[in-house]
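Residue numbers (our numbering): -7 to 222. Even for Gly, the Cβ is constructed at its ideal location relative to N, Cα and C.
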């Protein structure tokens, strides 16, 4: 593992062995049972099995040994003594699981399946800054307009997850803009504390009907991988 890279692993939930549920701890099993629908229970279980097995490819612990805690805003982190250097962030939607891993910097990742949205204009005005909403609504082609929506949405989610602040940071309070090099930059950063004003790197890609975004303060490469292994 290179400490100048973020590794983003993706996997289809139905390829995760359901029999590996024994790897999960009591809290994870309890959380899975709280989902109303079986498909959501199955997705949560598959994502957390994947997370545990993936982390064990980066450090010499067995999948069932990983311990986690959360910060005051709910962001999970590794709680095994001596392995705090290993940063991760997990996201899942029906059809795809993704996990970003880094040994040098906090990361955030979000994945969403493209789908038709109700009350589209009102949702844009509610969820995004006026600049972002205007940009989305100015697009005439419905497919491109939908893609732009999920691009902004996943970028914002990945960013607040990397910060570890969750929705305590309102999504309307900052904006993303695509520069002349097709790189995403964040604006309105004056709302953040000095410690949060860092040189952020963002990446966004479309993957077979899924929009995926990554946020990190690491200046190195973002490497996309299928499955568990490097």
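Query raised in the report: Three-state secondary structure (DSSP) at residue -1?
Result: Counted from its first residue, the chain shown places residue -1 at position 7. Three-state result, residue -1: strand.
Query raised in the report: Under three-state DSSP, which class holds residue 207?
Result: Translated into positions along the chain shown, residue 207 becomes position 215. Three-state result, residue 207: strand.
Query - Sequence-distant residues of its chain with Cβ nearer than 7 Å to residue 170 (five each side left out) - result: Indexing the chain shown from 1 puts residue 170 at position 178. Here the set comprises 176.
Query raised in the report: For residue 104, which residues does DSSP report across the bridge?
Result: Walking along the chain shown from the start, residue 104 turns up at place 112. Beta bridge pairing from DSSP links residue 104 with 203.
Report task. Throw me the rounded Cβ distance for the residue 215 and residue 8 pair, which I believe falls under 8 Å. Result -> Taking the first residue of the chain shown as position 1, residue 215 is located at position 223. Taking the first residue of the chain shown as position 1, residue 8 is located at position 16. Residue 215 to residue 8, Cβ: 21 Å. No contact.
Query raised in the report: Nearest to residue 144 by alpha carbon, out of 159, 156 and 167?
Result: Residue 144 sits at position 152 when you count from the first residue of the chain shown. For the set 159, 156 and 167, the Cα lying nearest the Cα of residue 144 is the one of 167.
Query raised in the report: Expressed to the nearest angstrom, what Euclidean distance is found between the alpha-carbon atoms of residue 67 and residue 85?
Result: As a working mapping, residue 67 is identified with position 75 in the chain shown. As a working mapping, residue 85 is identified with position 93 in the chain shown. So the two alpha carbons sit approximately 18 Å from each other.
Query raised in the report: Where does residue 176 sit, in a helix, a strand or coil, going by DSSP?
Result: Translated into positions along the chain shown, residue 176 becomes position 184. If DSSP states are grouped into helix, strand and coil, residue 176 belongs with the strands.
Query raised in the report: Residues in its own chain within less than 6 Å of residue 148 by CB, not counting five upstream and five downstream?
Result: Translated into the one-based positions of the chain shown, residue 148 becomes position 156. Cβ within range, chain order: 163.
Report task. Report the three-state DSSP secondary structure of residue 185 (helix, strand or coil). Result -> Indexing the chain shown from 1 puts residue 185 at position 193. With a pLDDT of 47 at residue 185, under the threshold of 50, the modelled position of that residue is not reliable, and the figure given next carries that caveat. Three-state result, residue 185: coil.
Query raised in the report: residue 91 bridges to which residues according to DSSP?
Result: Working through the chain shown from its first residue, we reach residue 91 at position 99. Beta-bridge analysis with DSSP links residue 91 to 1 and 82.
Query raised in the report: Which one of 72, 178 and 49 has the shortest CA to CA distance from residue 123?
Result: As a working note, residue 123 is residue 131 in the chain shown. Checking every option, the nearest Cα to that of residue 123 belongs to 178.
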